[in-house]
Structure formats: structure tokens, C-alpha cells
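Chemist: Handing you a structure now.
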């Protein structure tokens, strides 16, 4: 790097008798000194004694001012030589440009929290979001099904199917951040459906049939112990090291998190909401639609759908380039990737992809999701109201031939998401059957067709719940690579990745890094956006930094 030229010293005005000599001033660092157009201090020669004293006072003040400006300019020159480094370039400038890769929940909430902190008029379109699909939202997808049988006097009835996450549980700081988001009146005007107390009940499918769990947490120590027993010594040591790093970092975060949690609890007027599980009427995608509309009205945001990211190039001068299916975008000061880690890795330049090979370590599993709707005059589910049940991997193919992971009792869990109720006494029963996961990972070519998936789901409900009637409406989807699987050593790998990203203007958000839950995704997006504006930089993985 070439050092900037050393500026000539500023000459100090000299006073001799009644005359003030003209002293030539130099220009520093591209800035023009406050002198005449020819670079000269212009001061008339004065005569009287009072005029001489006035000149001396004025000249002394001017000398002090120029000396201070000289020192300030020298400081600016030294800083300017640093500012060309990509980490420091324009990091606190209000005109920084941000590119967000992916328009799912992580991408949209990143844009939301960035936009709220940036000015709205100085530089329009500071934030660009690219999404490959025609719709935004990623795995958050709600389908509203019109049903004339649910018709009311003044409209047509409908019900909602969820293909992905379906509720927000405001537990802990991450949950409160999500709750603050969904309760924002400028985003969502609708009401909420609440998780019923009876839906706290959870079941597990065993060889003896469905058994009620006394508490989900009560099984946690046994499952951890079982994992430790099954692993070899090297894996056990890595698990212990991961846990040690997690605890150390948690201690560092606790103080700030506690303060933020108290602030949020104070701003959320209905404290009872903080202990419940809720979802917007019309489904969780209502939040996505509200975020999209809000962002479309912001002058500093542009949303680009049906435009997939094909490659990114983080250049040494701090400006990144994004190439999409429709063109290239340059001069981007900071990139935020909300893409799955392996998808991001496939978009990197050869040099950077080799450096960030850790992005390919964790696999993801594919899940089949089948929504079933039944209509009856009375409750057809023989199980008392509950959240649903899980089928552990220990259940063999003889009792679980369709490789089902679990069943959610949607009608019990969240009855209030329907905007219109049925009339005439008909009862709507909604169930969601989840299939595949690790079963599909073992046999990639065994993923069934949509028709076969629906058949497997209805067979399972018939055999395990005894519901013999056919559903009047079904919906099935294959959610490919939708759930990341954090392998042993994840915490240590993320810590290393954090340090690798520090020299780059690239940060990572989403379920592939800091937690797979909806609350985890929202919190990581907010934390990253706040760090970018407050500190000028962020990797999105600061929580894994064990060196702080």
C-alpha cells in the first residue's frame, strides 16, 4: 500500500511592526485550507495602534485555529490509510450498501432490523434482498383453504394448513424478541390463536401404543446420557468441549441478555402472552406477508424475487459482487447470507470456498409434510386434546413401516388461527403427519412421490389413531434439506468460522448456525443487524467467540 504524501508544515503568520506578512498555506489531504483562491492569507496592512492590537489578537486566534486544523488533518490522513482495509471501509457510513442473500424469515428479518436503523432518504435502496422463489418466506408457508361447508352468513369459511413452523413460543430472550416482532402493530393487525393448556400434553408412540409423557424435559438427561454412551472416546471429548465452550460463552452473554430481556418484558404490555404459544390468525405466513409489505414501503429496501444467487465474490477492497440469474451487482459494502450453509458454499469463489470448507460439514434432512382435514359431528380423535406425538427411532419397521417422525394435532394445538368458525355443529379436525428425516438420509432414493406420501400419512392415522374415515382435504409437500443437523464439534467449528470471517464483509444468519428454531433465527438476524450498525462489522457468529 502506498503511503500518502507527507504534507508540508503550515507556516505561522509573522508579525513585524504594524505589518502582517502574507504567508502561503498548503493544501492537505485533498481538503482545501480556509484561505483565498490562490492559497494565500489575505490581510491588509494596517496602521493605527488599536488596529495593530486587533491584528495581533485576530492573528493569534487564526494561528491556533490553523494549528488545530493541521493536527486534525494529520489524524485524518493517518486514518484514511487504514480505511482502505475492507473491515474499516465506510463501516459507520449511513450510505453503506447491504446485500442479503435469501428471502426467508432470516433474510426478511435482517432487512427489517437493518432498515429500522438506517436513514430513509440519503441513499435509497441501501438494502437489496434476493430470493430465488416467486414468494418470500422460505420454510414458513401457510395455505388458506376455502371451504363452503364452513360458510358463515356474510362470507365463505376457510381453514389454514401449515407446511412449516406454525407458532411462536415467547420463552427466554429469543422468544421475547419474536413476540415483540409479531406484536408490532405496524406489521400485523390480526389477532392471535393461543396454545391451549390441554395442548401442553405430549405423547410418544411405543410398542404398547401411545403413552403420555410426564414432561418433555424429563427425558432430556437420559437422551444425553445415551448419546454419550454410544459415542467413542474422541466424540465424547468433543461433546464435552462443545459444552464447555457453550457454557463459557453463555456466561459472557448472560449479562447483556438479561438486560435486554428485562427491557422487552417492560415494553410488552400483556405479560400473560410471554408464557403462551401463539400464532397469527391466518397462519404464520401472515408475518412473512406483513414483513414483505412493510419492506416494500421502505425507500432504503428493494426486494427481488424469482432471482437466484449464482455466485458471490468478496474482493480485497471491501466491495462485494453478487451474480444472480438476472445479472450482476457490484459495489456492495456488506453481504448477509441467509442461505443454507452448503448453498452458500456453492456460490463462493474457488479460493474462498476452500477457505470456508467448514460450511459443508453439517448435513440437513428432508421431511415429508402431509396436512389432513377431517369433518365430523363430534371429535374423531380418540386421544384427549394434546400437542401430538413423536415416534422414536427405536420403533422398528413392523410398527412404523411408513417411517413417520410424528403427528401434530393442529386443531388442539392452535384452534384460534382460523379466522372463520364453522356453523351447523360440524367439527374440523386438522392433523399434520411428518415423515422421513433421518430415514430419507439413509436411503436418498426412497423419498416417495406426493401421492404415495399422502397414502402413507392416512394409513398411519388409521393404524395408530384408529381414524377410519377418509380426510376430505389433503395437502402434501417434500421439504428438501429443511432441518440442519448439528454434528459433534459444531460449536468449535462455528468459533473457527467466526475468526475466518472477521477480515471479510460477510455475515451469516439462519438456522444453519445458531439454532434451528424460529426464535433462534429471529434473534440471530436482529443481533447481526444491530452489530453491523453499532460496531460497523459483524460475522453473525459472535456468540461462538471464545476469545472475548
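Numbering (our numbering), first residue to last: 153 to 700.
All C-beta atoms, glycine included, are put in the ideal place defined by N, C-alpha and C.
Values in this document were obtained by computation on a predicted structure and should not be read as measured data.
1) Please say whether residue 464 and residue 473 have beta carbons closer to each other than 8 Å?
2) For residue 458, collect the residues of the same chain with a Cβ closer than 6 Å to its Cβ; drop the 5 residues on either side in sequence, then sort them by chain order.
3) Give, in chain order, every unbroken run of the beta strand (DSSP E) that is at least 3 residues long and sits entirely within the region 448-496.
4) Let me check understanding here. Comparing Cα to Cα, which of 582, 653, 666, 650 lies closest to residue 626?
5) Any idea what DSSP makes of residue 672, helix, strand or coil?
6) Out of 489, 487, 488, 616, point me to the one whose CA is closest to residue 550's CA.
7) Which residue marks the beginning of the alpha helix (DSSP H) containing residue 564, and which one marks its end?
8) Under a three-way DSSP split, which group does residue 320 fall into?
9) Can you check whether the CB of residue 597 is closer than 8 Å to the CB of residue 516?
10) Within a Cβ cutoff of 6 Å, which residues of the same chain sit near residue 424, ignoring the five residues on either side of it in sequence?
11) Could you spell out the range, first to last residue, of the alpha helix (DSSP H) harbouring residue 592?
12) Do three or more CB pairs link the region 678-696 to the region 250-269 at distances below 8 Å?
13) What would DSSP say about residue 291, mapped onto helix, strand or coil?
14) To the nearest angstrom, how far is it from the Cα of residue 653 to the Cα of residue 659?
15) In chain order, what residues of the same chain have a beta carbon less than 6 Å from the beta carbon of residue 265, not counting five sequence neighbours either side?
16) Identify the continuous beta strand (DSSP E) that holds residue 267 and give its terminal residues.
17) Tell me whether residue 480 is buried or exposed, calling it buried when 16 or more other Cβ atoms sit within 10 Å of its Cβ.
18) Can you tell me which of the three DSSP states residue 396 falls into?
19) Name the residue from 674, 462, 317, 272 whose alpha carbon lies nearest to the alpha carbon of residue 295.
20) So, do the region 633-644 and the region 499-510 have three or more beta carbon pairs nearer to each other than 8 Å?
21) Does any C-beta atom of chain D lie closer than 8 Å to the C-beta of residue 259?
22) Do the CB positions of residue 540 and residue 558 come within less than 8 Å of each other?
23) Residue 518 lies in the alpha helix (DSSP H); which residues open and close that run?
24) Please go through the region 593-680 and give each complete beta strand (DSSP E) segment of 3 or more residues, from N-terminal end onward.
25) If you check the beta carbons only, do residue 252 and residue 488 fall under 8 Å apart?
26) Taking the alpha-carbon positions, what's the residue 650 to residue 496 distance?
27) Give the secondary structure of residue 532 by DSSP, where H, G and I count as helix, E and B as strand, and everything else as coil.
28) What are the boundary residues of the alpha helix (DSSP H) that includes residue 506?
29) Could you check if residue 280 is buried or exposed, using at least 16 other CB atoms within 10 Å of its CB as the buried criterion?
30) With DSSP as the reference, please indicate the residues paired to residue 579 in a beta bridge.
31) Measuring CB to CB, does residue 257 end up less than 8 Å from residue 289?
32) Is the Cβ-Cβ distance between residue 608 and residue 657 less than 8 Å?
33) Can you give the beta carbon distance from residue 291 to residue 631, rounded, assuming they're within the 8 Å contact cut?
34) When you compare each of 629, 563, 269 to residue 530 by their alpha carbons, which one comes out closest?
35) Per DSSP, what kind of secondary structure is residue 512 in: helix, strand or coil?
36) Distance check for residue 485 and residue 470, CA to CA, integer angstroms please.
Modeler: Put simply:
1) Yes, Cβ-Cβ distance for residue 473 and residue 464 is below 8 Å.
2) Here the set comprises 286.
3) Taking 3 residues as the minimum length, the beta strand (DSSP E) runs contained wholly in the region 448-496 are 453-456, 461-466, 472-476, 479-484, 486-489, in order along the chain.
4) Checking every option, the nearest Cα to that of residue 626 belongs to 582.
5) Secondary structure of residue 672 (DSSP, three-state): helix.
6) The shortest Cα separation from residue 550 among 489, 487, 488, 616 belongs to 616.
7) Counting along the chain, the unbroken alpha helix (DSSP H) around residue 564 starts and ends at 562-565.
8) Three-state DSSP puts residue 320 in a strand.
9) With contacts defined by Cβ atoms closer than 8 Å, residue 516 and residue 597 do not form a contacting pair.
10) The pLDDT assigned to residue 424 is 45, lower than 50, so where the model puts this residue is not dependable; a value taken from the coordinates is nonetheless given after this. No residues qualify anywhere along the chain.
11) Where residue 592 is concerned, the enclosing alpha helix (DSSP H) stretches over 590-594.
12) With contact defined as three or more Cβ pairs closer than 8 Å, the region 678-696 and the region 250-269 are in contact.
13) In the three-state reduction of the DSSP assignment, residue 291 falls in the coil class.
14) Spanning the two alpha carbons is a distance of roughly 7 Å.
15) Within the same chain, 678, 681 come within 6 Å of residue 265 by CB-CB distance, once the 5 residues on both sides are set aside.
16) Under the DSSP assignment, residue 267 falls outside any beta strand (DSSP E), being part of the alpha helix (DSSP H) whose first and last residues are 257-269.
17) With fewer than 16 neighbouring CB atoms inside 10 Å of its own CB, residue 480 falls in the exposed class.
18) Annotation note: pLDDT 49 at residue 396 (below 50); position unreliable, coordinate value reported separately. In the displayed model, residue 396 falls within a helix according to three-state DSSP.
19) Each of 674, 462, 317, 272 was checked against the Cα of residue 295, and the nearest Cα belongs to 317.
20) Short answer: they don't touch.
21) Here chain D cannot be found, since the structure has a single protein chain.
22) A contact, by the Cβ cut-off of 8 Å.
23) That residue, residue 518, is in no alpha helix (DSSP H); its beta strand (DSSP E) goes 516-528.
24) Whole beta strand (DSSP E) segments, 3+ residues: 625-636, 658-660.
25) Yes; because the gap between Cβ atoms is below 8 Å, this pair is in contact.
26) Cα to Cα, the separation comes out at about 15 Å.
27) Correct three-state label for residue 532: coil.
28) First-last of the alpha helix (DSSP H) with residue 506: 502-507.
29) Classification of residue 280: buried, given that the 10 Å Cβ count is 16 or more.
30) Per DSSP, 528.
31) Going by C-beta atoms, residue 257 is nearer than 8 Å to residue 289.
32) In terms of Cβ geometry, residue 608 and residue 657 do not form a close pair [threshold 8 Å].
33) The beta carbons of residue 291 and residue 631 sit about 7 Å from each other, so the pair counts as a contact at 8 Å.
34) Ranking 629, 563, 269 by Cα distance to residue 530 puts 563 first.
35) Residue state, collapsed to three classes: helix.
36) Straight through space, the alpha carbons of residue 485 and residue 470 are spaced by roughly 6 Å.
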